[in-house]
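Residue numbering for the sequence shown follows the UniProt record's numbering, beginning at 1 and increasing consecutively.
Note that beta-carbon positions come from the ideal geometry of N, C-alpha and C, so glycine has one too.
These notes are about the structure you will find just below.
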Amino acid sequence: LGQPAGQLDLAAKAARKARFLAKARASHEARQQELRADFSVTLGSSRYYYNIQIVAINKPSAKGDAQSTLTEAATAKARKYSTLGEFFRPIIISARGLMEKSTAQTYKTLQKALDPVAAAWLDTLIGVTLAKNRASSAASIAKAKPSQQATWQATRATLRARSKPRN
């Protein structure tokens, strides 16, 4: 066809490289979709990313004290978001409201840096997240569904029968 073999090889290499780059870009975008932070804040010229995690601390999960469990969760979260490097800050809180040590420092820094409306929003976000987690936990450990429990009328009749004086 009139084209030298070297040009065909270069065209084939360029096509392979373009396919490789497209796959790499798609893979990177997929990973970024998986690693969506809960919110981000721009301080100066840097953007910091934050992810809130509520950790349930119970006897089996608490290997030592509560702080070590929270620290372990913070380390795992930082490892997951390692592509963001120093610009990622995990916010790790126990279901009872105890904050991991670095989370407490991060939270204080955020409260100072944010305007009052944004600080109130952050407090609300954390409060709602804690409430949702507590409700979910309560629902998962509920022993019986209301339809399986005795009706109020039956319970009331039993209590009345017990409280009647005996002759």
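Asked                                                                                                                      : Found
Do three or more CB pairs link the region 103-111 to the region 130-137 at distances below 8 Å?                            : no
Taking the alpha-carbon of Leu43 as reference, which of Trp152, Lys112 and Gly97 has the nearest alpha-carbon?             : Lys112
Which residue comes first and which comes last in the alpha helix (DSSP H) that contains Ile126?                           : Pro116 to Ile141
Among Trp152, Met99 and Thr83, which has the Cα closest to the Cα of Tyr48?                                                : Thr83
Look up Phe88 in the DSSP assignment and give the residues it is bridged to.                                               : Tyr49
So, with DSSP's three-state summary, where would you put Thr151?                                                           : coil
Kindly indicate the opening and closing residues of the alpha helix (DSSP H) around Ser102.                                : Lys101 to Ala113
Within 10 Å of its beta-carbon, does Lys164 have 16 or more other beta-carbons around it, so buried, or fewer, so exposed? : exposed
Taking the C-alpha atoms as reference points, what is the distance between Trp152 and Thr158?                              : 10 Å
Looking at the strands, I want to know which residues DSSP matches up with Phe39.                                          : Tyr50
Between Lys77 and Ala37, what straight-line distance do the alpha-carbon atoms span, to the nearest angstrom?              : 11 Å
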